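K.L.:
I have a structure here, written as structure tokens, and I will follow up with some questions on it.
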Amino acid sequence: DQQVKQNSPSLSVQEGRISILNCDYTNSMFDYFLWYKKYPAEGPTFLISISSIKDKNEDGRFTVFLNKSAKHLSLHIVPSQPGDSAVYFCAVGGGADGLTFGKGTHLIIQP
Amino acid sequence: EAQVTQNPRYLITVTGKKLTVTCSQNMNHEYMSWYRQDPGLGLRQIYYSMNVEVTDKGDVPEGYKVSRKEKRNFPLILESPSPNQTSLYFCASSSGTSGIMETQYFGPGTRLLVL
Chain A
1 DQQVKQNSPS LSVQEGRISI LNCDYTNSMF DYFLWYKKYP AEGPTFLISI SSIKDKNEDG
61 RFTVFLNKSA KHLSLHIVPS QPGDSAVYFC AVGGGADGLT FGKGTHLIIQ P
Chain B
1 EAQVTQNPRY LITVTGKKLT VTCSQNMNHE YMSWYRQDPG LGLRQIYYSM NVEVTDKGDV
61 PEGYKVSRKE KRNFPLILES PSPNQTSLYF CASSSGTSGI METQYFGPGT RLLVL
């Protein structure tokens, strides 16, 4: 049973518009949430995180929103740029265990 | 430069032939972890280590072994590889004892093909 779900395997967005990537989780004990970005032939790189005490964290063009009651987090990228084309993984965790990753969403930014 | 290195980057082997994938980090991180990435399955954790001589199973530990004899190294061992272990493997590390509370830094990946 998937604990972390990214229901959109791929997403296509026009350059300059907003990209919204979604992630749902099942375990309410998770208290730390991260987004990673992955280019082909490279390891994932950390993008942005949020802890359970917050509902929004912003870093430049990237904003992560957390809705704990809905067990949902989202990543907003605005404006979207061609270099944002990549696979995005959400990851969640709590306590001393490792992270649990979603399956990833392939974001394609179209010119 | 702070980094996580993995070797080899690419490996083709045959069923049953023992292999080791090395992982090394130069950031003095306490937490290290191995993941495998498979199409449609995302990243799944194999083993992790909170510190030297402390290792724990992740979500998919079957068929793998690890060791953490020193802080910087965390090798992944496949004693008898099978074709279902064909995958892309990532090593990661982070600082602090509560590893997931910190950003994990990933290596470049090792692509393994088991024939």
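From first to last, the protein sequence lines stand for chains A and B.
For what it's worth, our numbering labels the leading residue of the first sequence as 1, then goes sequentially.
For what it's worth, our numbering labels the leading residue of the second sequence as 1, then goes sequentially.
We put the CB at the ideal spot given by N, CA and C, even for glycine.
Please read these numbers as outputs of a predicted model, since none were measured by experiment.
1. Is asparagine 84 of chain B helix, strand or coil when you go by DSSP?
2. Closest by CA to tyrosine 105 of chain B, which one among A:Ser85, A:His72, A:Tyr36?
3. Since threonine 22 of chain B and proline 75 of chain B are thought to touch, with beta carbons under 8 Å apart, how far apart are those beta carbons, to the nearest angstrom?
4. Candidates B:Ala92, B:Thr103, B:Leu88, B:Gly42: which alpha carbon is nearest leucine 113 of chain B's?
5. Terminal residues of the continuous beta strand (DSSP E) containing glutamate 58 of chain A?
6. Since phenylalanine 106 of chain B meets chain A, which of its residues come closer than 9 Å, beta carbon to beta carbon?
7. May I ask you to verify whether the segment 64 to 75 of chain B touches the segment 12 to 22 of chain A, counting CB pairs closer than 8 Å and requiring at least 3?
8. Residues of the segment 60 to 91 of chain B with a CB closer than 8 Å to any CB of chain A: list them in chain order, please.
9. Comparing C-alpha positions only, which one of A:Lys56, A:Cys90, A:Ile20 sits nearest to valine 4 of chain A?
P.N.:
In terms of the structure at hand:
1. Reading the second sequence from its first residue, position 84 is the one you call residue 84 of chain B. Three-state DSSP puts asparagine 84 of chain B in a helix.
2. Position 105 of the second sequence, counted from the first residue, corresponds to residue 105 of chain B. Comparing Cα-Cα distances from tyrosine 105 of chain B to each of A:Ser85, A:His72, A:Tyr36, the minimum goes to A:Tyr36.
3. Reading the second sequence from its first residue, position 22 is the one you call residue 22 of chain B. Reading the second sequence from its first residue, position 75 is the one you call residue 75 of chain B. At roughly 5 Å, the Cβ-Cβ gap stays under 8 Å, so threonine 22 of chain B and proline 75 of chain B are in contact.
4. Indexing the second sequence from 1 puts residue 113 of chain B at position 113. It is B:Leu88.
5. Within the first sequence, the letter at position 58 stands for residue 58 of chain A. Start and end: 56 to 59.
6. For the purposes of this step, residue 106 of chain B is taken as the residue at position 106 of the second sequence. For phenylalanine 106 of chain B, the C-beta contacts it makes with chain A under 9 Å involve Tyr36, Lys38, Glu42, Gly43, Pro44, Thr45, Phe46, in order along the chain.
7. No, the segment 64 to 75 of chain B is not in contact with the segment 12 to 22 of chain A.
8. For the segment 60 to 91 of chain B, the beta-carbon criterion of a distance under 8 Å to any beta-carbon of chain A is satisfied by Phe90.
9. Along the first sequence, one-based indexing puts residue 4 of chain A at 4. The shortest Cα separation from valine 4 of chain A among A:Lys56, A:Cys90, A:Ile20 belongs to A:Cys90.
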